[in-house]
Each structure stands twice: as structure tokens, then as C-alpha cells.
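Presented below is the structure to which this report refers.
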Amino acid sequence: MSQANRGVVYMGPGKVEVQPIPFPELALGKRKCEHGVILKVITTNICGSDQHMVRGRTTAPKGLVLGHEITGEVIECGRDVEFVKAGDIVSVPFNIACGRCRNCKEGRTGICLNVNPARPGAAYGYVDMGGWVGGQTEYVMVPYADFNLLTFPDRDIALEKIGDLTLLSDIFPTGFHGCVSAGVGPGSTVYIAGAGPVGLAAAVSAQLLGAACVIVGDMNPERLDQARSFGCETLDLRQDTPMADMLEPLLGEREVDCAVDAVGFEARCHGHDHSHEQPAAVLNACMDITRAGGQIGIPGLYVTEDPGAESDEAKHGNLSMRLGLGWAKSHSFHTGQCPVMKYHRQLMQAILFDRVRIAKAVNVQVISLDEAPRGYADFDGGVAKKFVIDPHGSVAA
1 MSQANRGVVY
11 MGPGKVEVQP
21 IPFPELALGK
31 RKCEHGVILK
41 VITTNICGSD
51 QHMVRGRTTA
61 PKGLVLGHEI
71 TGEVIECGRD
81 VEFVKAGDIV
91 SVPFNIACGR
101 CRNCKEGRTG
111 ICLNVNPARP
121 GAAYGYVDMG
131 GWVGGQTEYV
141 MVPYADFNLL
151 TFPDRDIALE
161 KIGDLTLLSD
171 IFPTGFHGCV
181 SAGVGPGSTV
191 YIAGAGPVGL
201 AAAVSAQLLG
211 AACVIVGDMN
221 PERLDQARSF
231 GCETLDLRQD
241 TPMADMLEPL
251 LGEREVDCAV
261 DAVGFEARCH
271 GHDHSHEQPA
281 AVLNACMDIT
291 RAGGQIGIPG
301 LYVTEDPGAE
311 SDEAKHGNLS
321 MRLGLGWAKS
331 HSFHTGQCPV
341 MKYHRQLMQA
351 ILFDRVRIAK
361 AVNVQVISLD
371 EAPRGYADFD
381 GGVAKKFVID
391 PHGSVAA
């Protein structure tokens, strides 16, 4: 099978283009990939971590085909694929996992040992994540299909709920993982740092897990409005007021049970100095306002190399983190990629049985593939939307 294909390509800091790219093959280098499938992409989402690359804050090479949040229809299967078939509508975890290594067998699919020669863990279309072609394309190849793919049980219902189901490839499980690793449960008070799509997904997840009060902090009024639209309390971090002082009127106390960092390494200071970048600001704030013995989930991305950082230390991932404070308060920290497969089936069920409306919470906006560069620009401008690319007009149809 060979036909035309197009994708969103990183062309250097601040620039992406939609370009013709090769049609995918069932191959890994010169070797046939009999455990893989080729997908016709139905939806593929722009992620905040894509923006880190596009802003020039990573070592991503020019020419990288972007995109790791993929939902599609299987159109071709390798010889060894047994349980996925042509015509299935599937969600693709952003983690690429072999299903065979020690970490995969332990459920740690975000750090598979066999899919990236440089380090544990791989992803589609992402710097240092194994060189896999991204999925902001019309067609894409997915390896280890039987292990990786989540097949939706009913095609018509899947297409009807695609705005919600498309979020299973990354941000919904990632937000949920942040909350689980922070220890969120019934009756918890939770602080979510960041009201971007992952932060909003974490806020919805905290509600789904039974939190008594979910508080979202950000500096963007539009994003804070979006958090309030589904019942969250908010903190406007442009204010000079200490965060503990802002929490007290909401909770009757100055600390929360759990905190989730959904911002990552491009964090900024609070108050009048909020335009100044301070990579450890969110981590330090979470330690400050989380109760002794509490847990902090860190789904926000931190990198080993940041060429755009303001300090030489931060350029190499060295942050001014107040670890002594966390130690004194016996905090637990959980970092790293979300192991999507740990959660995606359960969250699919929550969507299919109308237990959660994640697309509404993160404000999904569907755009065409040709509109992707504008989507990147608008996202970088801080709009309170999650852009979902529809390469073939499937959603509109």
C-alpha cells in the first residue's frame, strides 16, 4: 500500500509547517515490522509538550514530524498481529512499549527498555524519544499493536464521542496519573498547578477520584474561567498574596492534602514578578502548601537539556529546588511519563458511560490539518482550548 501522506513538521523555533511526508510502511529500518499496523488518523491532538519543542526549549531537530496523541482506524496489519483488525477504531498510547521487557511486564510502559536506544521510554514525534515518526499526520505506523492499542468496542459510539475519546492517548490518563500519584482520594483537598489542558484534565480526574475541593492555580484569566466552569476553585497567581493566604478562605486552613504539578520546567514566578521564569517555582510552591506527609504528583515535563533556559544550571536540568523543605515535611514526589495503559481502559469506560465530560472540561476545538500551524500559535498565546486535529474531516462528517 502506497499513497499520499502529509504531516506537521517542526522547522525550527516558532515555526511548524504542513508538508508531504512518506506514507508509513510496516518496517523498522530495513526490518519488516510484522507486529505493527498502519492507521488512518481520525484525530491527533496538539500537546503542551509539543509546544516546548516548538518554542525552541529542547534539542528537537528541524524536520521532526510532530504528534504523539493519536486516535485512528486500522487499515493494514502486520502478519503477527492477532487481536487488532482492519476497521477497528483505536486509541494509541503516546508511550511506545514492547510489552516484553522487565518494565513493560511491571506495567511501567513509559520506560520501556526496547524502543529507544538512547534511554528508557519512547514516544511518537518527540525529541530524544527514539526517533519515531509523529502522528500529526494523515497516516501513521504503530508497532507492537496488540500490546499498545486500545480498541473501542463500538465504532459508531466511538465516532460520536471522539472529542472525549481522543484525549485517552495522553492528557486524560496523564492528568489522572498525576492525581493518583499525589494520593488523591475521597474527601481530599487538592491543588493543581496550571490550568492548561493537562491541568484541567487533572482537575477533572481529581473530581472523578472523589476530591472534596479542587483548587487550580494559573496566571491566565481565561484558563481560570475554564477551570471554574466545571466546579473548581481558582487562585490567580498574578497576585502578590502568598498562596497559603489564598487557600485559607477556601479551606479554612493553609495547606492542601495533595498537589499536582501540571506546569513543568517553563514555570514562572508568582505575583508582580510573574513574567520571570523560575523553573522550580511550581515544585517549591507545592512543597510549601502541601501538608506534612502529603504527596506531590509531577506529570509536568522536566527536561535534561533546555537550550532556552535563562540560567546555565537550568540549561542542563539543574533546578533550585528546596528539597530540604520537602524532606522536612516528609513529602513524596512522583515524576516521569504517565504509563497510559495503566488507566486508558478504565477512563474509556468512564467516558462511554457518561461519568465524565473531559472534552468540555478542557474545551476541545477541532481544526483541520492545514490549520495546525495556527493552532500552535493560538495555543502558545494562552487560549483556553485543547486543539484536536482532524486530518480527514472525519469528525465534521
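The sequence shown lines up with residues 1 to 397 when you count with UniProt numbering.
Even for Gly, the Cβ is constructed at its ideal location relative to N, Cα and C.
Between which two residues does the beta strand (DSSP E) holding residue i run?
| i | result |
| --- | --- |
| Tyr139 | Tyr139 to Val142 |
| His334 | Ser332 to His334 |
| Gly72 | Glu69 to Cys77 |
| Leu237 | Unbroken run through Leu237: none, as it is neither H nor E. |
| Val256 | Val256 to Asp261 |
| Gln3 | Unbroken run through Gln3: none, as it is neither H nor E. |
In three-state DSSP terms, what is residue i?
| i | result |
| --- | --- |
| Gln346 | helix |
| Phe152 | coil |
| Lys315 | helix |
| Thr59 | coil |
| Cys104 | helix |
| Lys360 | helix |
| Glu248 | helix |
| Tyr10 | strand |
| Asp65 | Per the sequence shown, residue 65 should be read as Val rather than Asp. Strand. |
| Val340 | helix |
| Gly199 | helix |
| Val37 | strand |
Please confirm whether residue i and residue j have their CB atoms less than 8 Å apart.
| i | j | result |
| --- | --- | --- |
| Val395 | Ile162 | yes |
| Glu69 | Cys104 | no |
| residue 399 | Val204 | Only positions 1 to 397 of the chain appear in this structure, which leaves residue 399 out of reach. |
| Leu209 | Cys179 | yes |
| Val41 | Cys77 | no |
| Ala262 | Ala202 | yes |
| Gly185 | Lys342 | no |
| Glu73 | Gly56 | no |
| Ser169 | Thr71 | yes |
| Cys286 | Pro143 | no |
| Ala267 | Gln278 | yes |
| His344 | Pro24 | no |
Output the distance between the C-alpha atoms of residue i and residue j, rounded to the nearest integer angstrom.
| i | j | result |
| --- | --- | --- |
| His52 | Glu305 | 12 Å |
| Leu167 | Ala123 | 16 Å |
| Asn95 | Val340 | 7 Å |
| Arg223 | Val81 | 43 Å |
| Ser320 | Glu160 | 47 Å |
| Gly294 | His331 | 5 Å |
| Phe265 | Pro299 | 11 Å |
| Ala211 | Thr290 | 15 Å |
| Lys91 | Ala359 | Per the sequence shown, residue 91 should be read as Ser rather than Lys. Approximately 15 Å, taken between the alpha carbons. |
| Thr241 | His270 | 9 Å |
| Asp50 | Ile171 | 12 Å |
| Lys329 | Asn284 | 12 Å |
| Met141 | Lys85 | 14 Å |
| Pro20 | Trp132 | 17 Å |
| Lys15 | Lys62 | 10 Å |
| His392 | Leu251 | 48 Å |
| residue 398 | Tyr302 | Here the chain covers residues 1 to 397 and nothing more, so residue 398 does not appear. |
From what residue to what residue does the alpha helix (DSSP H) around residue i run?
| i | result |
| --- | --- |
| Cys213 | Unbroken run through Cys213 is the beta strand (DSSP E), Cys213 to Asp218; no alpha helix (DSSP H). |
| Gln226 | Pro221 to Arg228 |
| Phe172 | Ile171 to Ser181 |
| Asp380 | Ala372 to Asp380 |
| residue 442 | No statement about residue 442 is possible, as the shown extent of the chain runs from 1 to 397 and does not include it. |
| Ser368 | Element bounds for Ser368: not the alpha helix (DSSP H) but the beta strand (DSSP E), Val364 to Ser368. |
| Asn284 | Ala281 to Ile289 |
- Query: Are three or more beta carbon pairs between the region 187-196 and the region 255-267 nearer than 8 Å?
  - Reply: Yes, the region 187-196 touches the region 255-267.
- Between the region 378-391 and the region 351-369, do at least 3 Cβ pairs fall closer than 8 Å? In this structure the region 378-391 touches the region 351-369; the number of beta carbon pairs closer than 8 Å is three or more.
- Task: Could you tell me whether the region 369-379 touches the region 242-252, using the rule of 3 or more Cβ pairs below 8 Å?
- Result: Segment contact: the region 369-379 against the region 242-252, fewer than three CB-CB distances shorter than 8 Å; contact not assigned.
- Query: Okay, do the region 332-352 and the region 108-115 touch, 3+ Cβ pairs below 8 Å being the bar?
  - Reply: Yes: the two stretches touch, three or more of their Cβ pairs being nearer than 8 Å.
- For the region 53-69 against the region 134-145, are there 3 or more C-beta pairs whose distance is under 8 Å? In this structure the region 53-69 touches the region 134-145; the number of beta carbon pairs closer than 8 Å is three or more.
- Inter-stretch contact at 8 Å, needing at least 3 Cβ pairs: the region 340-358 / the region 144-158: With three or more CB-CB distances shorter than 8 Å, the region 340-358 counts as touching the region 144-158.
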